[in-house]
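Asks:
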Amino acid sequence: MEYNLCAPCLFGVEGVLAKELKRHKFQNIRSDNGRVFFDGGARDILRANLLLATAERVLIVVGGFTAQSFAQLFDNTAALPWEDYIPGGAAFPVKGSAVRSKIMSVPDAQSIIKKAVASRLGTGANAGAIAGQWLDESGPKYQIQFLILDDRATLFIDTSGEGLHKRGYRPGAAEAPLRETLAAALVYLSDFFSDNILTDPFCGTGTIPIEAALLAANIAPGLRRDFACERFEIIPPALSRELRAECKSHIKKAPAVITGSDIDPACVAAAQICAQRAGVGEAVRFYPADALEREYNTGSIVIANPPYGQRMGDISTIEGMYRGFGKNILNRDLSLSLISSHTEADRLLGRPCGKKRNLYNGMIKCVLYMYTKNRARVPSY
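For the sequence shown, the positions run -11 to 369 when the numbering used here is used.
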């Protein structure tokens, strides 16, 4: 069976995700705000979960329709062929959101959709199925998600389970974490290649260097975790083993020089642990250093996620840090990508940047400031 699939992403990352889908040879790719659609079968559902570094989830699109009332929501939900997606005995909880909609109560919408799906699965529309077979919900979970936006409802089945940013290498949330999917997008936007020199001078727990190392070593970002779809009937264990073995066969030794530094030694120690857990402990090096004073290799790619005023520290201290960082780095021959929620970060750094891009770090609106020069490649000996 061919499915219409949807990969939600952080706002501003749609173009990066679409290119990633194209690179992995997925079909019929279409971008929208905060999500990218594509088509594929059961094999592609698991491939997408394993391979996509910048997607937040992989969803099966069951259907969409106008919903301006609870009656419309119930009738149109019940008209969808849920029996084609949810097998007998499976659990089908419902969650979602409503934005700019006449249907404002999310709990009521959840209840209506749940009843409509149960009604559909418990009727003769299921080719003679016994109603109770569908409604005992003792089997694997098929999480139904809905989005009601501008009175248009779209219903999905989540195939990922936990969000895809949860790679499995970060044991706990550190202070001011950068989501792994956004870190991967920053690496892609920097035009990093597997033989570049890359460093992060505000590495925290190492998310940006680790995502760069995963890319350089061709390690599937989802290889160290499992997914909800691996408990679906359409993805047998043999297919899961086959695709995971295929991903492992493509892993290579990363030729890139990837480093990260942080002024806090505790962060450096945590970053090294995360890198080991991600399988790139030998591919990336972390060390304690002050970003305002450390040296940078000529031609290197620098990706920086300095502290935001909203998240930590006094704003005057933050702005002083930006000025000091700009003095240290912008007179060097290198490429800098800096993400910040500060709308005048380039002024504080001391030089207008060549290109800006709006992104979101979670719910925080940010700007990616890009200063581009020639990138150094790792010399081959």
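No residue lacks a Cβ here, since even glycine has one placed at the ideal position from N, Cα and C. Just so we're clear, the structure is a prediction, and the values are computed from it rather than from any experiment.
#1: Could you compute how far the alpha carbon of A113 sits from the alpha carbon of Q131?
#2: Helix, strand or coil: how does DSSP classify P(-4) here?
#3: By the 10 Å Cβ neighbour count, where 16 or more other Cβ atoms means buried, how is M(-11) classified, buried or exposed?
#4: For C217, which option in P128, A59 and E44 has the closest C-alpha, if you only look at C-alpha atoms?
#5: Let me know the beta strand (DSSP E) ranges lying completely inside the segment 116 to 202, each 3 residues or longer, listed in chain order.
#6: For M358, which three-state DSSP category applies?
#7: Could you say which of R35, I145, R18 and R31 lies nearest to A78 if we only look at CA atoms?
#8: Could you name each continuous beta strand (DSSP E) segment of 3 residues or more that falls completely within the segment 223 to 272, going from the start of the chain to the end?
#9: For the alpha helix (DSSP H) that contains L39, what are its first and last residues?
#10: In chain order, which beta strand (DSSP E) runs of at least 3 residues are fully inside the segment 290 to 342?
#11: K154: which of R213, D138, P253 and S182 sits nearest, CA to CA?
#12: Under the three-state reduction of DSSP, which class applies to V82: helix, strand or coil?
#13: Can you look up D214 in the DSSP assignment and give me helix, strand or coil?
#14: What residue range does the alpha helix (DSSP H) around S99 cover?
#15: Around the Cβ of A226, are there at least 16 other Cβ atoms within 10 angstroms (buried) or fewer (exposed)?
#16: Count the other CB atoms within 10 Å of the CB of R23; is the residue buried (16 or more) or exposed (fewer)?
#17: Run the CB neighbour count on I352, radius 10 Å, all protein chains shown included, and call it buried at 16 or more, exposed below.
#18: Can you give me the start and stop residues for the beta strand (DSSP E) that R18 sits inside?
#19: What residues in its chain sit with their C-beta under 7 Å from that of N206, if we drop five residues either side in the sequence?
#20: N114 by DSSP, collapsed to three states: which one?
#21: Let me know if G308 comes out buried or exposed under the rule of 16 or more other beta-carbons within 10 Å of its beta-carbon.
#22: Taking C-alpha atoms, which residue in I74, S93, S89 and K344 lies nearest to K83?
#23: According to DSSP, simplified to helix, strand and coil, what is G76?
#24: Taking the continuous alpha helix (DSSP H) assigned at G3, which residues delimit it?
#25: Bridge partners for Y(-9) per DSSP, in chain order?
#26: Looking at the structure shown, is L47 part of a helix, part of a strand, or coil, going by DSSP?
#27: In terms of alpha-carbon separation, which member of Y348, T331 and N349 lies closest to C370?
#28: Please report the distance separating the alpha-carbon of R35 from that of L231.
#29: What does DSSP give as the partner residues of R23 in its beta bridges?
Replies: On the basis of the supplied data:
#1: Note on A113: pLDDT 44, under 50, position unreliable in the model; no value is reported.
#2: Strand, per DSSP.
#3: When all chains shown are included, M(-11) counts as exposed.
#4: By alpha-carbon distance to C217, the top candidate from P128, A59 and E44 is P128.
#5: Runs found: 132 to 137, 140 to 146 and 185 to 188.
#6: Correct three-state label for M358: strand.
#7: Among R35, I145, R18 and R31, the Cα nearest to that of A78 belongs to I145.
#8: DSSP assignment within the segment 223 to 272 yields the following whole beta strand (DSSP E) runs of 3 residues or more, N-terminal first: 245 to 250.
#9: Run containing L39: A30 to L39, per the alpha helix (DSSP H) assignment.
#10: For the segment 290 to 342, whole beta strand (DSSP E) runs of length 3 or above, ordered along the chain, are 323 to 328.
#11: Considering only R213, D138, P253 and S182, the residue with the shortest C-alpha distance to K154 is R213.
#12: It is a strand residue.
#13: Assignment of D214 by DSSP, reduced to helix, strand and coil, places it in the coil class.
#14: Its alpha helix (DSSP H) spans residues V94 to L109.
#15: Result: exposed.
#16: The residue is buried, with at least 16 neighbouring Cβ atoms inside 10 Å.
#17: Classification of I352: exposed, given that the 10 Å Cβ count is below 16.
#18: For R18, the enclosing beta strand (DSSP E) covers residues Q15 to D20.
#19: If we look at N206 and ignore the five residues flanking it on each side, its Cβ neighbours are H238, I239 and K240.
#20: Confidence is the limiting factor: at N114 the pLDDT is only 46, short of 50, which leaves the residue's position unreliable and the question unanswerable from this model.
#21: By the neighbour-count rule (16 or more Cβ atoms within 10 Å), G308 is not buried but exposed.
#22: Closest option to K83, judged by alpha-carbon separation, among I74, S93, S89 and K344: S93.
#23: Residue state, collapsed to three classes: coil.
#24: Element bounds for G3: E2 to R11.
#25: When beta bridges are read from the DSSP output, Y(-9) appears opposite G28.
#26: In this structure, L47 counts as strand in the three-state DSSP scheme.
#27: Because the chain is modelled from -11 through 369, residue 370 falls outside the range shown and cannot be assessed.
#28: Straight-line Cα distance between these residues: approximately 7 Å.
#29: Beta-bridge pairing links R23 to P(-4) and D20.
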